[in-house]
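Heads up, the sequence shown is in this note's numbering, so the first residue is 11 and it goes up one at a time. Glycine residues also receive a C-beta, built at the ideal position from the N, C-alpha and C atoms. Fair warning: this is a prediction, and the values are worked out from it, not measured in the lab. Presented below is the structure to which this report refers.
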Amino acid sequence: MKEEDLKELLELVATDYGRGYLDGLLGALSMLLKISKEAEKYRKEEYE
11 MKEEDLKELL ELVATDYGRG YLDGLLGALS MLLKISKEAE KYRKEEYE
């Protein structure tokens, strides 16, 4: 990653729009992780 790209990314994150975007992205990743854990637990219970 070039220095220019990094600076542009940091400027975006410093805005309300950038923080909202990151919050939404992290929320979606968290939701996928929870679903994955539940699916794994369900598979383990099914095979026991």
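About 4 Å separates the CB atoms of L22 and G28; that is less than 8 Å, so the two are in contact.
Here the alpha carbons of L20 and K12 stand approximately 12 Å from one another. Counting only the Cα atoms, E55 lies some 23 Å from S40.
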